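Following: one structure in structure tokens, then a few remarks.
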Amino acid sequence: MITALYASLLATLLFILSIRVIGLRGNPAFAFIAQGKGDDELLQRAIRAHGNLTEYLPTMLILLFFLESSGVEDTTLHVIAGAFLLGRVMHGICMGFMRSNMPLRVGGTALTLFPLAAAAMALLAQML
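The opening residue of the sequence shown carries number 1 in our numbering; numbering runs sequentially from there.
Right, here's the structure in full:
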């Protein structure tokens, strides 16, 4: 059920980033989240924030599911998934809602890649 918890939290983030892109594209129903003119730079950043999450999310959820199914301790799952969630939130805020914030972007990237690698290595260790 830990995987389900993080899947729902990450799906909520995906929903927010999706609405942001729709708002920046000019849909008046979602103008409340646009926060600005929706110029090309902001729109492209929002699109990449959304797209980047969709690129990493499936792999991480699959790894979490297999880790949970293989009996890895709950604490390990929460640390890996929590770090990934924090990284995706940081990256999503930086890319989707700001013009630039290098510490958020670097931190978000690190907290995406390291948990992904940790999950892969932990699963491999479980299988050996």
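All C-beta atoms, glycine included, are put in the ideal place defined by N, C-alpha and C. Since this is a predicted model, take the numbers as computed values, not measurements.
Requested in this report: Using a threshold of 9 Å, state whether the C-beta atoms of L24 and L42 are closer than that.
Outcome: Yes, the Cβ-Cβ distance between L24 and L42 is below 9 Å.
Requested in this report: Note down, in chain order, each residue of its chain lying with its Cβ closer than 6 Å to the Cβ of M132, except the 5 sequence neighbours on either side.
Outcome: Any question about residue 132 goes unanswered here, given that the chain covers just 1 to 128.
**Report entry** V72, DSSP secondary structure in three states
**Finding:** Residue state, collapsed to three classes: coil.
Report task. Tell me whether L128 sits in a helix, a strand or coil according to DSSP, three-state version. Result -> Three-state result, L128: coil.
**Report entry** CA-to-CA distance, H50 to S18, given in whole angstroms
**Finding:** If you take the alpha carbons of S18 and H50, they lie about 6 Å apart.
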